[in-house]
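Shown next, in structure tokens, is the structure this report addresses.
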């Protein structure tokens, strides 16, 4: 930009110089006439350097202006391209708008709205018919459900009667199990009493053994003092044999007592386990029977026609009375068998006791 300003400033100076020269010529020339040749050459060189500087500045301004013109040409080209693109898009938009207008005119929106209103009226009529049919279907389904419930009541009464009989059978089985448990308990009590008796006998035997040991010690002391009279008294070997037999019997009795105590514990544990299991089963069956009886009573209340010809209490009493009589007869038979077994065992014990006493006497 600055070269232009310089040029503008220089041009009027030049014009002024020319005018001055043209007007008068009174001014002094740039190179004085009376100057020497060397001075003239120097002045000419200075002027030439000035001219060269001005030319270079002109070249630079020309380059800058040419660059600016090229940039402006490029921008103008871009603007032309954008304008062309805008014209093309406008043309396509106009074409599409004309097509849309033609389509709208061909569709005829007024007639379309009338046809849509007609179809809406038809749809509403169809909806009303469907709602009426849905109501009819709901009524039919409710009636079918009522019929199914009535049919299930007939089936449910038969199933309840069967379940009632099954529950009664389970109750009788539970009663039988309770009776068996009571019998086993009686057996356990008898075994416990017998074990207590044997334990008391063992205690007596132990006390007698202790007294015998004391006597034996006294005899040993006496034997130590009277060794010269061995022919009159018993031999020491026989005495040791008898004493070893007594110790063996003592050990055997103690082992028997330990086994009896262990057996008593096992019987008690098994009895407690069986008692718990039977109690759980019995409670479960009773709860089930109560639920079934309540359900049966509610069904009979809802359907009094079934309750007229049914006398369930009488049927249950007869059924239970027959099964209780069977259980009592079974109990009596088992008690007889147990009594016979006990008598046989007592006879065997008596025989064994008599044999042991005879052996002791012989010894």
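Numbering (the working numbering), first residue to last: 1 to 363. We put the CB at the ideal spot given by N, CA and C, even for glycine. Owing to the predicted nature of the structure, the values given are computational and were not obtained by experimental measurement.
Q | residue 298, buried or exposed, once every other Cβ within 10 Å from all chains shown has been counted against 16 | A | With a 10 Å radius around the Cβ and a threshold of 16 neighbouring Cβ atoms, residue 298 comes out exposed.
Q: Could you tell me whether the Cβ atoms of residue 267 and residue 191 are closer together than 8 Å?
A: Yes, the Cβ-Cβ distance between residue 267 and residue 191 is below 8 Å.
Q | CA nearest to the CA of residue 243, picked from 159, 221 and 213 | A | Minimum Cα distance to residue 243 is reached at 213.
Q) Cβ atoms of residue 274 and residue 181: under 8 Å apart, would you say? A) Residue 274 is positioned such that its CB atom lies closer than 8 Å to that of residue 181.
Q: Measure the C-alpha to C-alpha separation of residue 265 and residue 248 and round it to an integer number of angstroms.
A: The straight-line gap from Cα to Cα measures roughly 26 Å.
Q) Taking the C-alpha atoms as reference points, what is the distance between residue 277 and residue 218? A) A straight-line Cα-Cα distance of about 59 Å links residue 277 and residue 218.
Q.
Suppose contacts are defined by Cβ-Cβ distances below 8 Å. Is residue 260 in contact with residue 208 by that definition?
A. It is not a contact, given that the beta carbons lie outside the stated cut-off.
Q) Where does residue 211 sit, in a helix, a strand or coil, going by DSSP? A) Annotated three-state conformation of residue 211 is helix, per DSSP.
Q) Roughly how many angstroms lie between the CA atoms of residue 84 and residue 127, to the nearest whole one? A) About 58 Å.
Q. Roughly how many angstroms lie between the CA atoms of residue 51 and residue 58, to the nearest whole one?
A. Straight-line Cα distance between these residues: approximately 10 Å.
Q) Since residue 174 and residue 281 are thought to touch, with beta carbons under 8 Å apart, how far apart are those beta carbons, to the nearest angstrom? A) Residue 281 and residue 174 do touch by the CB rule: their CB atoms are close to 6 Å apart, below 8 Å.
Q. According to DSSP, is residue 108 helix, strand or coil?
A. Residue 108 falls in the coil class under three-state DSSP.
Q: Alpha carbon to alpha carbon, how far is residue 67 from residue 77? Give it in angstroms, no decimals.
A: Distance between the alpha carbons of residue 77 and residue 67: 15 Å.
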